[in-house]
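*Asks:*
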Amino acid sequence: MIFQETIQKLMFVITWFNVIIIIVIICVISIAIAVWVYNDAKKRDMNAVVWLLIVLLTSCVGCIIYLIVRE
126 MIFQETIQKL
136 MFVITWFNVI
146 IIIVIICVIS
156 IAIAVWVYND
166 AKKRDMNAVV
176 WLLIVLLTSC
186 VGCIIYLIVR
196 E
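Be aware that the sequence shown starts at 126, since it is given in this note's numbering, and climbs by one per residue.
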């Protein structure tokens, strides 16, 4: 009985740890995409700060819009 409760608690911790890791990875990827868009927009003399904010707020959708609209 005690062993089963310990296993359940361990599985709960492992599950939440995996969820946190996935969230962190998604955030890092989103920030990396936003930085890339910022640098690319700056090179193309576009409003880099606005595009950075758009991509940070909308993530992949903003990146796709940027790729379509960029000069």
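Where a beta carbon is used, it is the ideal one built from N, C-alpha and C, also for glycine.
Judging by CA-CA distance, which residue of 194, 155 and 190 is the nearest neighbour of residue 184?
*Replies:* For the purposes of this step, residue 184 is taken as the residue at position 59 of the sequence shown. When each option's Cα is compared against that of residue 184, the closest is 155.
*Asks:* Just verifying my parser: in three-state terms, what is the DSSP assignment at residue 165?
*Replies:* Taking the first residue of the sequence shown as position 1, residue 165 is located at position 40. Note: residue 165 maps to helix in three-state DSSP.
*Asks:* Assess contact between the segment 165–178 and the segment 135–148, defined as three or more Cβ pairs (one per stretch) separated by less than 8 Å. Is contact present?
*Replies:* Cβ pair count under 8 Å is below three, so no.
*Asks:* Mind reading off the beta-carbon distance from residue 194 to residue 187? Whole number of angstroms is fine, and I expect it under 8 Å.
*Replies:* Translated into positions along the sequence shown, residue 194 becomes position 69. Translated into positions along the sequence shown, residue 187 becomes position 62. Actually they are not in contact, since the Cβ atoms of residue 194 and residue 187 sit about 10 Å apart, beyond 8 Å.
*Asks:* If you run the structure through DSSP and keep just helix, strand and coil, what is residue 143?
*Replies:* To locate residue 143, count along the sequence shown from 1; it is residue 18. Note: residue 143 maps to helix in three-state DSSP.
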